[in-house]
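Asker:
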Amino acid sequence: RWKQPRTSEHRAMGEPQAPAEQIVTPWDVAGGSEGGIDYDRLVQDFGVTKISDELIARIERLTKKPVHPFLRRGVFFAHRDLKELLDLYEKGTPFYLYTGRGPSSEALHMGHLVPFMFTKYLQDAFKVPLVIQLTDDEKSMWKNISVEESQRLARENCKDIIACGFDISRTFIFSDFDYVGGAFYQNMVRIAKCVTFNQARGIFGFQGEDHIGKIGFPAVQAAPSFPNSFPHLFQNRVDIPCLIPCAIDQDPYFRMTRDVAPRIGYKKPALIESRFFPALQGESGKMSASDVNSAIFVTDTPKMIKDKVNKYAYSGGGVTMEEHRAKGANLQVDVPYKYLSFFLDDDEELARIAAEYGSGRMLTGEIKKVLIDLVTDMVTRHQQARAKVTDEMVDTFMSPRPMPHMFG
Numbered sequence: 002r003w004k005q006p007r008t009s010e011h012r013a014m015g016e017p018q019a020p021a022e023q024i025v026t027p028w029d030v031a032g033g034s035e036g037g038i039d040y041d042r043l044v045q046d047f048g049v050t051k052i053s054d055e056l057i058a059r060i061e062r063l064t065k066k067p068v069h070p071f072l073r074r075g076v077f078f079a080h081r082d083l084k085e086l087l088d089l090y091e092k093g094t095p096f097y098l099y100t101g102r103g104p105s106s107e108a109l110h111m112g113h114l115v116p117f118m119f120t121k122y123l124q125d126a127f128k129v130p131l132v133i134q135l136t137d138d139e140k141s142m143w144k145n146i147s148v149e150e151s152q153r154l155a156r157e158n159c160k161d162i163i164a165c166g167f168d169i170s171r172t173f174i175f176s177d178f179d180y181v182g183g184a185f186y187q188n189m190v191r192i193a194k195c196v197t198f199n200q201a202r203g204i205f206g207f208q209g210e211d212h213i214g215k216i217g218f219p220a221v222q223a224a225p226s227f228p229n230s231f232p233h234l235f236q237n238r239v240d241i242p243c244l245i246p247c248a249i250d251q252d253p254y255f256r257m258t259r260d261v262a263p264r265i266g267y268k269k270p271a272l273i274e275s276r277f278f279p280a281l282q283g284e285s286g287k288m289s290a291s292d293v294n295s296a297i298f299v300t301d302t303p304k305m306i307k308d309k310v311n312k313y314a315y316s317g318g319g320v321t322m323e324e325h326r327a328k329g330a331n332l333q334v335d336v337p338y339k340y341l342s343f344f345l346d347d348d349e350e351l352a353r354i355a356a357e358y359g360s361g362r363m364l365t366g367e368i369k370k371v372l373i374d375l376v377t378d379m380v381t382r383h384q385q386a387r388a389k390v391t392d393e394m395v396d397t398f399m400s401p402r403p404m405p406h407m408f409g
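Residue numbers (this note's numbering): 2 to 409.
(1) Might you give, ordered along the chain, the residues of its own chain that have their beta carbon closer than 7 Å to the beta carbon of Asn158, omitting 5 neighbours on each side?
(2) On the three-pair Cβ rule with 8 Å, is the region 114–134 touching the region 157–175?
(3) Within a Cβ cutoff of 7 Å, which residues of the same chain sit near Pro70, ignoring the five residues on either side of it in sequence?
(4) Distance check for Lys339 and Thr397, CA to CA, integer angstroms please.
(5) Using only alpha-carbon positions, find the residue among Val68, Tyr90, Arg42, Leu43 that is nearest to Gly409.
(6) On the three-pair Cβ rule with 8 Å, is the region 76–84 touching the region 308–324?
(7) For Arg12, collect the residues of the same chain with a Cβ closer than 7 Å to its Cβ; drop the 5 residues on either side in sequence, then sort them by chain order.
(8) Check for me: the beta strand (DSSP E) holding Gln236 runs from which residue to which?
(9) In or out: His406 buried (at least 16 other Cβ within 10 Å) or exposed?
(10) Residues in the same chain with beta-carbon distance under 7 Å from Ile306, minus the five sequence neighbours each way, listed in chain order, please.
(11) What is the rounded straight-line gap between the Cα of Arg191 and the Cα of Ile265?
(12) Entirely within the region 186–229 and at least 4 residues each: give me those alpha helix (DSSP H) ranges in chain order.
(13) Buried or exposed for Ser147, going by 16 or more other Cβ atoms inside 10 Å?
(14) May I have a chain-ordered list of the alpha helix (DSSP H) segments no shorter than 4 residues that lie completely inside the region 249–314?
(15) If you reduce the DSSP assignment to three classes, tell me which class Arg171 lands in.
(16) How about Arg191: is its C-beta nearer than 8 Å to some C-beta of chain B?
(17) For Arg156, which residues from the same chain have a beta carbon less than 7 Å from its beta carbon, with the 5 sequence-adjacent residues on both sides left out?
(18) Report the rounded CA-to-CA distance for Tyr313 versus Phe344, giving the unit in angstroms.
(19) Starting from Arg461, follow the beta strand (DSSP E) in both directions and report where the run begins and ends.
(20) What whole-angstrom Cβ distance do Ala223 and Val181 have, given they're in contact under 8 Å?
(21) Across which residues does DSSP place Ile24 in a beta bridge pair?
(22) On the DSSP letters alone, give me the boundaries of the alpha helix (DSSP H) that Gly366 sits inside.
(23) With a 10 Å radius around its C-beta and 16 neighbouring C-beta atoms as the bar for buried, classify Glu274 as buried or exposed.
(24) Among Gln152, Ser170, Pro219, whose alpha-carbon lies nearest the alpha-carbon of Met257?
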């Protein structure tokens, strides 16, 4: 849950073959024969709607805050019922946020930070409560991790999530192993009764050899979409809308959820969905926590960051300096530029780099240095924030408790 640079050195190493058709599921992401992800195709296949400039302007007007760079630059690019949710918000109906993390690794990587950075912006801008699901049960079933190890990883990941700066008076973080029961479990059963095995197989691609834990899991991820799953926050109310920020590979879960919702008397959750943060090796997929060289982790040292960017970050620049000066860089495939487009806040500086590097005046080594400096600073600040997260803070964030000031 919740590729290599085309320098002469990397050409010599060879490149993996892309599948003929792109694959985008909650568990696997791979580009098609062209290498990259065709997001227009995903919009069509999934039936989501692109976020318009008008919708972005409306968010800025309603929040009276500049929109996040992820919205301005199309990182979060698609939605389901976001307009309808904003209609309700404008009339005084509050909503809550729901996002999640599947704890399969000791630490988060930069791609994991993207939804949390954006969710923090949404929480601060709209002043609304947030629930964060840690699917330690899912990872135990899919990754063959023991229950105990999955629980430990959930708690470690929770520290990284808290370090992103979420408001403790508006944020409830829970692990499935610890929280599922009561009203939450009742909703799981309501959801599960509405989805046949054939439907689940069609949505998620389950096979006959998949164990029954996998087949039943989608109801667990669907349940937080409904406010009465959290009686300590919302009592028995079912009229509070939910907005889910997530990567677009999670959409199948919530297509199912939205289909079930009216059948059990609940509101459909709204979604705001992002592109994938590419692996260092290129945009044929997303970063993987299981491949340490595909990702920059929040635990990496400055030397590790420098070495990973210099060695693995896919370059769209020319093979030789002469070719690069003559033709410039291909920004469509260049990973250092793509990473800067995620994390460099200054629009004017990003445009300057695009012009210089795209024309060949800036060299690959120079843009990589800009990225190394930026990411090193981000990771250092994250490590400093995480060092201040105590076990007592984790216990508080993960404690089911009333939040009297969670709205407004």
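Heads up, the beta-carbon is just placed ideally off N, CA and C, and yes, glycines get one too.
As the structure is a prediction and not an experimental result, all values here were calculated from the model.
Answerer: If we stick to the structure as given:
(1) Arg102, Pro104, Leu109, Leu135
(2) yes
(3) Asp346
(4) 37 Å
(5) Tyr90
(6) no
(7) Here the model assigns Arg12 a pLDDT of 27, short of 50, so the residue's position is not dependable, and the following value carries that caveat. So no residue of the chain qualifies.
(8) Careful: Gln236 lies outside any beta strand (DSSP E) and carries neither H nor E.
(9) exposed
(10) Ile297, Ile373, Val376, Thr377, Val380
(11) 7 Å
(12) 198–205, 213–217, 219–223
(13) exposed
(14) 252–261, 303–313
(15) coil
(16) Here there is only one protein chain, and chain B is not present.
(17) Val395
(18) 19 Å
(19) The structure shown does not extend to residue 461, since the chain is modelled only from 2 through 409, so no value can be given for it.
(20) With a Cβ gap of about 12 Å, Ala223 and Val181 do not count as contacting.
(21) Ala31
(22) 365–388
(23) buried
(24) Pro219
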